[in-house]
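Single-structure report; data block below.
Protein chains in written order, with the working numbering: chain H, 112 to 278; chain B, 2 to 204.
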């Protein structure tokens with residue numbers, strides 16, 4: 112795209128939004144004389160702009176503002192969870208205040224985490240200490256008949272015949 | 002400072018008069034944008050009311066970081082696209098019916114003295130209809146770009162901010178939208194008969 116095309120493009124973009132100034136109009140005419148092949152395209156472009164300009168805006172109710180003010184006054188204060196968590200709700204307005212508050216929260220978080228670690232380690236130490244007091248287990252040979260002995264101890268009903276024979 | 006932003010700062014301090022001024026200034030462009038996007042005047046007005054209610058409710062958090070017009074049109078764009086998506090999901094449900102469920106007290110009645118042009122005076126009604134139809138066939142973003150392009154208070158940079166894209170992308174959207182409109186309205190543009198009929202087209 113050469114300088115002239117670029118300039119034409121800028122004028123065209125200006126023309127989409129507003130009436131061209133005298134200088135712009137003169138530059139455009141100069142461009143169209145130099146590039147007659149663009150005349151039709153510009154004609155359509157300008158016609159569409161004029162058509163959109165004449166396209167009327169929809170009428171707004173005359174009571175629009177009155178209804179709006181009533182709605183605003185009767186509308187409950189908007190407070191959603193998003194608002195609650197929005198930083199602006201609970202952070203101070205100044206930057207220094209915000210930085211201080213954020214630093215305080217980070218420190219509080221680190222302190223809480225450290226406290227949690229200390230408590231956790233203390234609890235583990237106490238549990239280890241209580242386990243260390245348990246007597247050592249008997250040698251493995253002593254446990255050969257463990258299941259049999261365990262089964263006898265679990266018998267729910269007394270063997271009356273055996274008791275009678277023993278008596 | 003942007004005078005509208007100054008008004009908004011007054012709204013932030015609870016000045017209802019400033020809010021009324023903003024509503025008076027922006028009601029037409031916002032309703033216009035909604036109407037061009039939705040093609041339903043009642044819904045366009047309802048949505049425009051929602052835009053202003055959002056503005057009022059956000060006043061407490063408002064900070065002057067951009068022009069007020071960019072901010073309000075961005076809110077309008079979001080609500081408008083939400084409504085288009087909602088319509089896609091629930092085509093039969095009107096916006097008014099979904100809102101009335103939340104209204105506890107009946108609103109006071111305000112007389113509407115809106116004036117329409119009499120149909121017999123609308124010599125170019127068909128053409129206006131054709132423009133609306135052609136615009137409605139454009140993709141949402143192109144349509145919005147074309148509508149915002151007609152808002153004098155928005156520069157290309159601001160339109161780009163409202164649309165959430167770059168300036169070249171915005172210009173490309175407008176260019177493509179206009180090309181489609183030119184194609185669809187070619188017979189009218191070439192004949193130019195409408196230009197002799199007066200300053201404004203009628204709806």
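Glycine residues also receive a C-beta, built at the ideal position from the N, C-alpha and C atoms.
Check                                                                                                                                  : Outcome
For residue 166 of chain H, three-class secondary structure by DSSP                                                                    : coil
Range covered by the alpha helix (DSSP H) that runs through residue 252 of chain H                                                     : First-last for residue 252 of chain H: undefined, no H or E at that position.
Under 8 Å from the C-beta of residue 193 of chain B: neighbouring residues of chain H                                                  : 158
Alpha-carbon spacing of residue 211 of chain H relative to residue 222 of chain H, whole angstroms                                     : 16 Å
Residues of its chain near residue 98 of chain B, where Cβ-Cβ distance is below 8 Å and the 5 sequence neighbours each way are ignored : Low per-residue confidence applies at residue 98 of chain B: pLDDT is 49, beneath 50, and the placement is therefore not dependable, though the value from the model is reported in the following sentence. Excluding sequence neighbours, residue 98 of chain B sits near nothing in its chain.
Contact under 9 Å by Cβ, residue 74 of chain B with residue 149 of chain B                                                             : yes
Residue 13 of chain B: contacting residues in chain A (beta-carbon distance under 8 Å)                                                 : The question asks about chain A, but that chain is absent: this structure's protein chains are H and B.
Alpha-carbon spacing of residue 140 of chain H relative to residue 142 of chain B, whole angstroms                                     : 32 Å
Rounded separation between residue 173 of chain B and residue 118 of chain H - CA only                                                 : 17 Å
Under 8 Å by beta carbon: chain H residues contacting residue 53 of chain B                                                            : 179 and 183
Status (buried if at least 16 other CB within 10 Å, exposed otherwise) for residue 130 of chain H                                      : exposed
Where residue 150 of chain B meets chain H, residues with beta-carbon distance less than 8 Å                                           : 127 and 128
Per-residue DSSP class, three states only, for residue 140 of chain B                                                                  : coil
Test: residue 73 of chain H CB closer than 9 Å to a CB of chain B                                                                      : Nothing in the structure corresponds to residue 73 of chain H, since chain H is present only between 112 and 278.
Within chain H, the residues that residue 50 of chain B reaches when beta carbons sit closer than 8 Å                                  : 175, 178, 179 and 182
Minimum Cβ-Cβ distance from residue 186 of chain H to chain B less than 9 Å                                                            : yes
Residue 9 of chain B and residue 52 of chain B closer than 9 Å at C-beta                                                               : no
Residue 182 of chain B to residue 50 of chain B span [Cα, whole Å]                                                                     : 30 Å
Beta carbon of residue 167 of chain H nearer than 9 Å to that of residue 77 of chain B                                                 : no
Three or more C-beta pairs below 8 Å linking the segment 27-46 of chain B and the segment 143-161 of chain H                           : no
Any 3 or more C-beta pairs closer than 8 Å across the segment 9-18 of chain B and the segment 60-74 of chain B                         : yes
CB contact check: residue 187 of chain B to chain H, cutoff 9 Å                                                                        : yes
Close beta carbons around residue 37 of chain B, own chain, < 6 Å, minus the five adjacent residues each side                          : 148
Residues, ordered as in the chain, of the segment 22-36 of chain B that lie near chain H by beta-carbon distance below 7 Å             : 24, 25, 28, 29, 32, 33 and 36
Rounded Cβ spacing between residue 149 of chain H and residue 24 of chain B (contact assumed at less than 8 Å)                         : At roughly 44 Å, the Cβ-Cβ gap does not stay under 8 Å, so residue 149 of chain H and residue 24 of chain B are not in contact.
Residue ranges of each beta strand (DSSP E) within the segment 128-167 of chain H, 3 or longer                                         : none
Chain B contact residues for residue 155 of chain H, given Cβ-Cβ distances below 7 Å                                                   : 183 and 190
Residue-chain proximity (residue 137 of chain B, chain H), Cβ-Cβ < 9 Å                                                                 : no
Simplified DSSP assignment, three categories, for residue 116 of chain H                                                               : helix
Under the three-state DSSP convention, the category residue 2 of chain B falls into                                                    : coil
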